[in-house]
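Scroll down for the structure; my scribbles are underneath it.
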Amino acid sequence: MNKIEIPNLCLVVLMGATSSGKTSFAKKHFKSTEVISSDFCRGIVADDENAMDANADTFDLLHYIVAKRLKRGLLTVVDATNVQAESRKKLIALARQYHVFTIGIALNLPENVLLERNAQRPNRQLGKHVIRQHRRLLKSSFRTLKKEGFRRFYELRSLAEIDAVSVERRKVWSDKTELQGPFDIIGDVHGCFAELQELLRTLGYRITKHRDRQKNFGYTVKPPANRKAIFVGDLVDRGPASNEVLRLVMSMQEAGNALVVCGNHDDKLLRKLQGRNVQIKHGLGATLAQLEQESPEFLEALPVFLKGLISHYVLDGGRLVVAHAGLGADMQGRTSGAVRSFCLYGETTGEVDEFGLPERYNWAKDYRGSATVVYGHTPVPAADWFNNTIDIDTGCVFGGHLTALQYPERELVSVPASEVYAETKRPIKVEQMAVDAADDLPNIEDVIGRRAIQTRLNKLISIREENAIAALEVMSRFAVNPNWLIYLPPTMSPVETASRKDFLEHPAETFAYFQRQGIDEVICQEKHMGSRAVVVLGRDESVIERRFGITGEGFGTIYTRTGRPFFSEKETEQALLARLRQSLDQTGFWEEFATDWVLLDAELMPWSAKAQVLLKDQYAAVGASGELALADSRNALARAQARGIDTGSLLDKATGAQERLAKFRQSYRQYCWEVDTLDQYRLAPFHLLATEGKVHTDRPHRWHMEQIARWSAKDPVLHATNYRVVNLNEPEAVQAATDWWLQLTGNGGEGMVVKPMDFVAYHKGRPIQPALKCRGREYLRIIYGPDYTLPEQLKKLKKRGLSRKRGLAIREFALGVEAMERFVRKDALRKVHECVFGVLALESEPVDPRL
Amino acid sequence: MFLEISTTHQPATDLGFLLGKHPDRLQSRDLSFGKAHIFYPEATAERCSVVLLLEIDAIALSRNMTKTYADSFQLGHYVNDRPYTASSFMTTAISKVFGSALNGNCKERPELVEQPLPLEVTISALSSRGGETLIRRFFEPLGYELALSTQLLDPEFPNWGDSPYFRLQLRHHISLQELLMQLYVLIPALDNNKHYFVGSPEVNKLLDKAGSWLETHPELPQIARRYLRHQKSLTTMALEKLQDEDSAPHSFGATEPEARLEQNMSLHQIRHQAVLAVLQDAGLNSILDLGCGGGKFLKLLLSQTAIPKVTGVDVSYRYLEIAKKRLHWDVMPPMTRARIELLHGALTYRDDRLQGYDAAVAIEVIEHLDPNRLRAFEQSVFLYAQPGMVVITTPNIEYNRLFENMKPGSLRHSDHRFEWTRAEFADWTQKVATTYSYRVTVAGIGPEDARYGCPSQMAIFQR
């Protein structure tokens with residue numbers, strides 16, 4: 001033997017008596033991190049590689065390391081004598097647990113060689129009897145290895161043979177990660193040949209039927225440019241022409257235009273053809289009858305084809321998995337009997353349903369992998385995404401459709417069955433997965449502990465454990481029903497402090513920031529001093545029930561930036577939403593966007609509506625206490641001065657402080673008004689975030705403003721935000737915007753928010769701040785205190801660090817957008833919740849709230 | 001921040017000697033949080049007034065606070081009443097600038113130190129969320145005459161009500177040293193808001209400054225508790241951080257009316273005993289305490305050595321820390337330690353760690369959930385955790401009429417999202433039992449009233 005071939009993911013068990021050269025062999029053929037030796041583990045637990053009393057702990061550690069490596073999908077080599085079945089048992093169990101093959105390599109050297117080498121060992125010489133014993137055990141092992149669970153086994157009998165042998169790795173059969181598509185993935189055909197042809201033609205495949213039935217199995221299929229078909233299995237049974245389907249598919253596979261995974265019906269046909277005793281049920285009879293007319297050449301080729309079908313494929317760099325009945329994340333790209341069985345049959349609950357069929361366990365419900373899984377096996381009325389998985393068996397043979405999923409486009413193409421070829425015992429019903437999913441509780445596993453969330457905009461975002469702890473309490477005790485929470489807004493950074501003497505914040509720095517980020521056009525939006533409000537609105541309550549899985553909580557909701565209900569009275573909320581809905585109805589919004597729900601980002605005024613307690617306890621309190629203290633101080637200083645005491649500048653200071661306090665009170669009062677009726681509220685939406693099937697972050701802010709202005713004009717409760725578009729390369733435009741800001745803030749306005757015109761903007765490949773706020777001089781008194789405008793205070797305040805706030809803003813922005821995108825593509829609730837929870841957790845990061 | 005002390009003792013200008021501050025000069029002194037100025041608006045033989053004026057450096061203050069308040073970043077910590085109201089800053093200033101008088105030292109007029117003098121005090125802005133009553137209860141037992149005035153919180157918004165700040169005028173015949181000592185203790189105790197200097201030296205300071213007068217003060221416990229405010233744990237701060245900027249802080253762990261209302265009948269003990277009796281009868285091997293809070297019931301369960309496994313779950317990390325303390329977690333003997341586990345979790349999530357228990361109890365928990373989250377609780381407990389037995393207790397709202405001092409229509413605890421009548425509870429338990437295939441019985445807990453039933457109600461579900 002001169003070549004050992006192993007899959008690139010497997011467990012290699014070296015076997016051999018002591019001194020047989022296992023360690024050198026491992027060193028020669030494997031990376032040092034791939035090899036786990038018992039000597040090494042013994043050293044770790046006992047400081048002594050000869051401590052035999054440490055056996056139990058040594059192997060505990062060894063098995064632990066092996067398990068971790070296999071779990072993570074790494075080839076692992078065990079360097080230990082492994083001559084007893086007992087010692088191999090645990091290793092084989094681990095390989096099974098992690099669905100990898102076990103390969104045995106035995107170094108079976110002659111006894112004299114072993115004894116000689118043992119004698120040369122400097123630090124550990126074992127008795128001859130030990131070596132003899134090892135050899136005997138190894139020899140007797142050979143008979144049982146297969147039965148123990150070794151997939152393959154190699155024996156090397158001489159030093160020469162050991163020297164000569166090479167170890168070659170090959171990819172596991174399912175590994176087609178190098179194929180990136182595009183693919184057309186086709187659902188269960190079940191002998192529906194006419195429909196298959198029609199579907200392929202619809203997809204742009206050209207099919208030629210040959211007179212010579214031996215040529216290419218009778219067909220030549222030319223796919224559209226670069227495309228490849230993938231069949232999810234169950235080509236045969238029940239339908240009218242399984243034999244023709246097989247011919248067509250075999251010709252495509254032969255020509256390299258198709259990949260085929262094995263379905264349970266294909267597998268059963270193979271077993272029948274191999275002469276096994278299988279029950280002729282579930283349409284196998286029809287197939288066998290069709291095959292009876294087939295040529296001997298075809299009947300010879302067929303078992304070869306069927307035998308070559310593998311359980312599943314991992315494609316496109318691991319982003320796509322195709323398996324007949326689906327496949328969980330921990331089995332993808334693995335090799336074991338359990339994997340194959342899952343791919344063929346899925347999982348059953350062990351119970352029988354009312355139709356006498358085994359009840360299927362909906363594996364997709366708990367799917368947690370990052371790869372998209374496309375599968376068939378269970379007929380459904382329509383293919384729908386769920387948890388990043390999709391079942392495309394739309395029951396063609398039962399009179400449904402034959403469906404293809406185009407990848408990476410993720411578009412569905414289907415053709416109807418021309419007749420009902422078979423009756424199903426179990427009626428095809430909506431698996432209710434979407435409803436189940438919405439109804440399903442989020443799992444605590446998905447939110448606590450240290451987490452990393454994959455987002456489209458900003459790659460991986462990690463959430464620290466202590467932040468998750470704080471977020472959990474808020475989420476579960478104070479937030480609205482999590483089904484509503486499909487988005488949380490990001491925090492917003494202020495501009496860098498102003499270089500101008502009298503200002504803490506000024507537009508100049510805002511524009512400069514965006515210019516540095518390579519942005520030419522920005523939008524300046526008036527900043528409303530109210531409270532951030534996220535609005536979810538459905539056309540009616542049934543929409544909310546169907547799409548959000550929420551019953552009895554109205555046709556929409558308004559929540560705060562930390563996910564709490566905005567209004568304590570549901571009636572006010574619903575009444576306000578009704579006004580909004582009316583405007584949308586009147587402007588044909590629903591039809592235009594082909595949606596029956598909408599998500600808006602908005603500001604809701606007055607500030608006092610939400611912040612009454614804060615205003616009273618903080619702002620009004622400062623005003624009231626200041627007035628008392630400053631009046632007494634001024635009075636006493638005046639009296640002292642009157643009797644000739646020199647109080648220096650104290651009296652002037654007290655007078656100045658009184659004036660500034662008055663300005664401070666004036667500032668907050670502008671944002672307060674009593675709301676006795678609905679008409680006194682102002683809702684100012686500024687982002688039209690999402691509608692069915694679409695997250696509108698690909699639209700520029702101008703579009704958002706224009707859309708919102710259209711229906712805001714319909715109702716005084718709705719407030720269209722003032723804005724200006726500024727080309728940063730035009731000094732006049734910049735000056736005009738600055739003047740506009742000065743005027744706004746001079747009249748008591750809070751300030752403005754400046755955003756790059758593109759909703760999502762990048763600079764040198766990295767996302768930049770989605771928005772910066774630039775707040776007015778007077779407004780900032782309520783943030784920094786009445787006296788912040790004193791020169792010495794301004795000077796100190798100008799030293800402020802923004803990097804943390806900005807880092808958070810970008811990460812929260814990415815998570816918020818991710819949450820919406822996941823919701824819109826109908827991911828499971830927990831996938832959406834994970835992102836929203838992440839925003840909340842990041843918000844618990846301590847950052848100066850004045851920024 | 002303004003304090004004025006006047007006397008009509010003859011000659012009144014002796015006040016200058018007693019304080020060691022010359023009446024005809026402005027004297028200023030730098031303090032860590034700003035500047036103290038002392039001057040006399042009036043200094044005649046008939047009447048002499050000294051003013052202690054504090055200029056608080058707002059920036060230094062916010063920095064100082066950041067340090068002592070760890071990383072607490074409530075917006076209110078930046079814009080606040082500290083520069084204006086009488087607080088621990090004032091007492092610090094008193095000890096710094098009037099130190100000798102406070103300690104009873106006076107070289108020029110030693111005979112005046114212990115002599116009661118006619119003294120008047122004005123404090124411009126004294127915050128008392130306990131209202132006028134509390135101020136009176138603190139000062140009147142010591143013999144002061146009080147004049148208190150307040151105003152609207154904001155005259156432009158009369159609906160916002162009165163301001164919690166009082167202009168306080170005191171009058172007493174008392175030695176200056178005693179007056180200063182009493183102000184030193186009572187001002188921060190009244191303020192009770194943000195007392196920055198907490199730690200063990202504070203205990204000594206309190207005992208030191210307070211002479212015999214405090215020991216006999218009828219409000220001693222309250223004064224001491226308020227004076228020695230406890231540090232908040234870091235977790236609480238993280239929670240505070242998560243407040244909406246717009247909302248008022250929650251009073252975590254404050255003495256809640258529920259406890260006071262029910263105190264007289266020690267209802268929580270009765271409740272615990274009732275639940276324990278149910279569990280004991282069932283002979284269980286493992287019990288989940290859902291919403292275990294500070295671990296009172298866990299401790300009781302743990303004392304039942306016949307129960308091999310007890311697990312507490314709470315959403316509040318801080319409460320779990322309290323529970324650990326109560327259970328002496330760090331020094332727990334290994335056999336006991338092996339019997340107990342604490343989990344941080346929320347009952348509105350599916351949590352597979354809660355599976356496989358013989359029983360779960362949720363004592364006074366469900367009323368803390370919004371009604372629309374009850375379904376999530378039901379699923380979490382009955383569908384996913386699926387204990388063999390579930391015991392749930394909740395208040396009986398009908399009984400509230402029998403509590404004194406309870407406003408009609410109010411609930412027993414500010415965080416209660418609802419309280420149920422017996423009929424409502426029975427309905428809910430029936431519905432849950434049917435949906436999730438449990439059998440259920442309902443019972444009352446506590447003394448039964450013929451008309452309104454028991455104060456608490458309990459449902460026992462069994463699979």
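Line by line, the protein sequences are chains R and V.
Under the UniProt record's numbering, the first residue of the first sequence is numbered 1, with each subsequent residue one higher.
Under the UniProt record's numbering, the first residue of the second sequence is numbered 1, with each subsequent residue one higher.
In this text, a Cβ means the ideal position worked out from N, Cα and C, and glycines have one as well.
{"query": "Nearest CA to the CA of F398 of chain R: which residue from R:A417, R:R547, R:L412?", "result": "R:A417"}
{"query": "Measure the CB-CB distance between K826 of chain R and D384 of chain R and report whether it falls below 8 Å.", "result": "yes"}
{"query": "Could you tell me whether the region 520–539 of chain R touches the region 483–498 of chain R, where touching means 3 or more Cβ pairs closer than 8 Å?", "result": "yes"}
{"query": "So what does Q462 of chain V bridge to, in DSSP terms?", "result": "V:M389, V:R439"}
{"query": "Out of R:G400, R:P381, R:Q406, R:Y375, which one is the CA nearest neighbour of D391 of chain R?", "result": "R:Y375"}
{"query": "Which residue from V:P11, V:A93, V:T85 puts its Cα closest to that of L180 of chain V?", "result": "V:A93"}
{"query": "Which two residues bound the contiguous alpha helix (DSSP H) that contains M335 of chain V?", "result": "334–339"}
{"query": "Quick check on the DSSP output: what are the complete beta strand (DSSP E) runs of length 3 or more inside the region 111–156 of chain R, in order along the chain?", "result": "152–156"}
{"query": "Does any residue of chain B have a CB that is nearer than 8 Å to the CB of Y671 of chain R?", "result": "Checking the listed chains, one finds no chain B in this structure; the protein chains it contains are R and V."}
{"query": "Nearest by alpha-carbon distance to T745 of chain R: which of R:P507, R:D540, R:L790 is it?", "result": "R:P507"}
{"query": "Spell out a yes or no on whether the region 415–434 of chain V and the region 364–379 of chain V are touching, meaning 3 or more CB-CB pairs, one atom from each, closer than 8 Å.", "result": "yes"}
{"query": "Give the range of the beta strand (DSSP E) segment to which residue 465 of chain V is assigned.", "result": "Residue 465 of chain V cannot be examined here, being either before or after the span of chain V that is shown, 1 to 463."}
{"query": "If we ignore side chains and look at the alpha-carbon of each, how far apart do residue 936 of chain R and A761 of chain R end up?", "result": "The displayed coordinates of chain R run from 1 to 851. Any statement about residue 936 of chain R would go beyond what the structure contains."}
{"query": "Less than 8 Å between the CB atoms is what I'm expecting for A125 of chain V and R167 of chain V, so what's the real figure, rounded?", "result": "7 Å"}
{"query": "Which residue or residues does DSSP assign as beta-bridge partners of E603 of chain R?", "result": "R:R532, R:A684"}
{"query": "From the DSSP output, in three-state form, read off C396 of chain R for me.", "result": "helix"}
{"query": "What in chain V is Cβ-close to T647 of chain R, meaning under 7 Å?", "result": "L26, F39"}
{"query": "Are three or more beta carbon pairs between the region 150–160 of chain V and the region 612–627 of chain R nearer than 8 Å?", "result": "yes"}
{"query": "Please state the DSSP three-state secondary structure of W597 of chain R.", "result": "strand"}
{"query": "In chain R, what lies closer than 7 Å to W160 of chain V by C-beta?", "result": "K616, A620"}
{"query": "Check the Cβ of L472 of chain R against every Cβ in chain V and list those closer than 9 Å, keeping chain order.", "result": "V315, Y317, H344, G345, A346, Y349"}
{"query": "Name the DSSP beta bridge partners of N727 of chain R, please?", "result": "R:E521"}
{"query": "Is it buried or exposed, K831 of chain R, if we count other Cβ atoms within 10 angstroms and call 16 or more buried?", "result": "buried"}
{"query": "Which partner residues does L119 of chain V have in the DSSP bridge list?", "result": "V:T7, V:H172"}
{"query": "Tell me Q406 of chain R's beta-bridge partners as DSSP assigns them.", "result": "R:D184, R:E411"}
{"query": "Quick check on H413 of chain V: does DSSP put it in helix, strand or coil?", "result": "coil"}
{"query": "Name the chain V residues whose beta carbon is nearer than 9 Å to that of S542 of chain R?", "result": "Near S542 of chain R there are no residues of chain V at all, since even the closest Cβ is about 18 Å away, more than 9 Å."}
{"query": "Can you round the beta-carbon distance between residue 865 of chain R and A371 of chain R to whole angstroms, since I take them to be within the 8 Å contact cut?", "result": "Residue 865 of chain R cannot be examined here, being either before or after the span of chain R that is shown, 1 to 851."}
{"query": "Mapping the DSSP letters down to three states, classify G449 of chain R as helix, strand or coil.", "result": "coil"}
{"query": "Please list, in chain order, the residues of the region 526–557 of chain R that have any C-beta partner in chain V closer than 7 Å.", "result": "S531, E553"}
{"query": "Apart from the five residues on each side of it in sequence, which residues of its chain come closer than 6 Å, Cβ to Cβ, to T8 of chain V?", "result": "R47, P118"}
{"query": "Just to make sure I have the definition right: I need the residues of chain R whose C-beta is within less than 9 Å of the C-beta of M1 of chain V. Which are they?", "result": "A629, S633"}
{"query": "Using DSSP's beta-bridge definition, name the partner residues of Q222 of chain V.", "result": "According to DSSP, Q222 of chain V bridges with nothing at all."}
{"query": "Counting only Cβ pairs nearer than 7 Å, list the residues of chain V close to A640 of chain R.", "result": "F39, Y40, P41"}
{"query": "Check whether chain R comes within 8 Å of V79 of chain V, counting only Cβ atoms and requiring the distance to be less than that.", "result": "yes"}
{"query": "Counting only beta-carbon separations shorter than 8 Å, does Y357 of chain V have a partner in chain R?", "result": "no"}
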